[in-house]
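Following: one structure in structure tokens, then a few remarks.
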Amino acid sequence: VMFRNFPRKYTSHDLLEEIGMVIDISWVDFVYMPCDESSNNMSYAFANFIDASAVSVVVQAMRGQHWSLSTSSRRIKILPASVHGLAANLALCEQRIAPDARED
Numbered sequence: 010v011m012f013r014n015f016p017r018k019y020t021s022h023d024l025l026e027e028i029g030m031v032i033d034i035s036w037v038d039f040v041y042m043p044c045d046e047s048s049n050n051m052s053y054a055f056a057n058f059i060d061a062s063a064v065s066v067v068v069q070a071m072r073g074q075h076w077s078l079s080t081s082s083r084r085i086k087i088l089p090a091s092v093h094g095l096a097a098n099l100a101l102c103e104q105r106i107a108p109d110a111r112e113d
């Protein structure tokens with residue numbers, strides 16, 4: 010799923026902590042939160058869950074709520090992602106993050 014509307018200083022660890030308040034964090038096998046050159050997040054992140062029921066619980070519990078680790082007034086937005094599954098997410102990250110690092 011895609012999470013949006015983060016406070017700028019939030020990290021992927023903060024997102025995992027937020028998710029961990031709702032479900033066992035072992036149900037999350039992938040998190041990607043891009044950052045700008047100042048190490049601030051770009052206000053979105055992707056997470057992959059190993060079971061669809063975990064996604065439902067997280068969406069119901071978190072969507073529309075305030076980020077609990079921040080005093081920001083921003084509310085959590087959760088949207089479907091276009092890529093699903095650990096292998097597909099890792100492949101996409103490899104393509105986008107380090108295309109020059111791959112061996113041909």
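If you read the sequence shown in our numbering, its first letter stands for residue 10, the second for the next number, and so on. Positions of the beta carbon are idealized from the N, C-alpha and C atoms, including for glycine. Note that the structure is predicted; figures quoted are calculated from it, not measured.
| Close-in-space but distant-in-sequence residues of the same chain around arginine 84 (CB under 7 Å, 5 per side omitted) | Residue 84 sits at position 75 when you count from the first residue of the sequence shown. Around arginine 84, the same chain offers Asn14, Gly73, Gln74 and His75 as residues with beta carbons nearer than 7 Å, after the five sequence neighbours per side are excluded.
| In whole angstroms, what is the alpha-carbon distance linking proline 52 and arginine 17? | Reading the sequence shown from its first residue, position 43 is the one you call residue 52. Reading the sequence shown from its first residue, position 8 is the one you call residue 17. Contrary to the premise, residue 52 reads as serine rather than proline in this sequence. In a straight line, the C-alpha of serine 52 is about 6 Å away from that of arginine 17.
| Is the beta carbon of leucine 25 sitting closer than 8 Å to the one on isoleucine 32? | The residue labelled residue 25 in the question sits at position 16 within the sequence shown. The residue labelled residue 32 in the question sits at position 23 within the sequence shown. No, they are not a contact pair.
| said: Can you find the residues in the same chain that come closer than 6 Å, C-beta to C-beta, to alanine 186, ignoring five residues on each side of it along the sequence? | reply: As shown, the chain starts at 10 and ends at 113. That puts residue 186 outside it, with no answer to give.
| query | When we look at the beta-carbon of alanine 100 and count the other beta-carbons within 10 Å, is it buried (16 or more) or exposed? | reply | Position 91 of the sequence shown, counted from the start, is the residue given in the question as residue 100. Exposed: under 16 other Cβ atoms inside 10 Å.
| field | Alpha carbon of serine 9 to alpha carbon of glutamate 27, nearest angstrom | value | A question about residue 9 goes unanswered here, because the residues of the chain that appear run from 10 up to 113.
| Under a Cβ-count criterion, where at least 16 other Cβ atoms within 10 Å of its own Cβ denotes burial, should aspartate 23 be classed as buried or exposed? | Taking the first residue of the sequence shown as position 1, residue 23 is located at position 14. The residue in question, aspartate 23, is buried, as its Cβ has 16 or more Cβ neighbours within 10 Å.
| message | Contact defined as beta carbons within less than 8 Å: I believe phenylalanine 12 pairs with alanine 54. What is the distance between those atoms, to the nearest angstrom? | response | Taking the sequence shown and counting its residues from 1, one reaches residue 12 at position 3. Taking the sequence shown and counting its residues from 1, one reaches residue 54 at position 45. Confirmed, Cβ separation roughly 5 Å.
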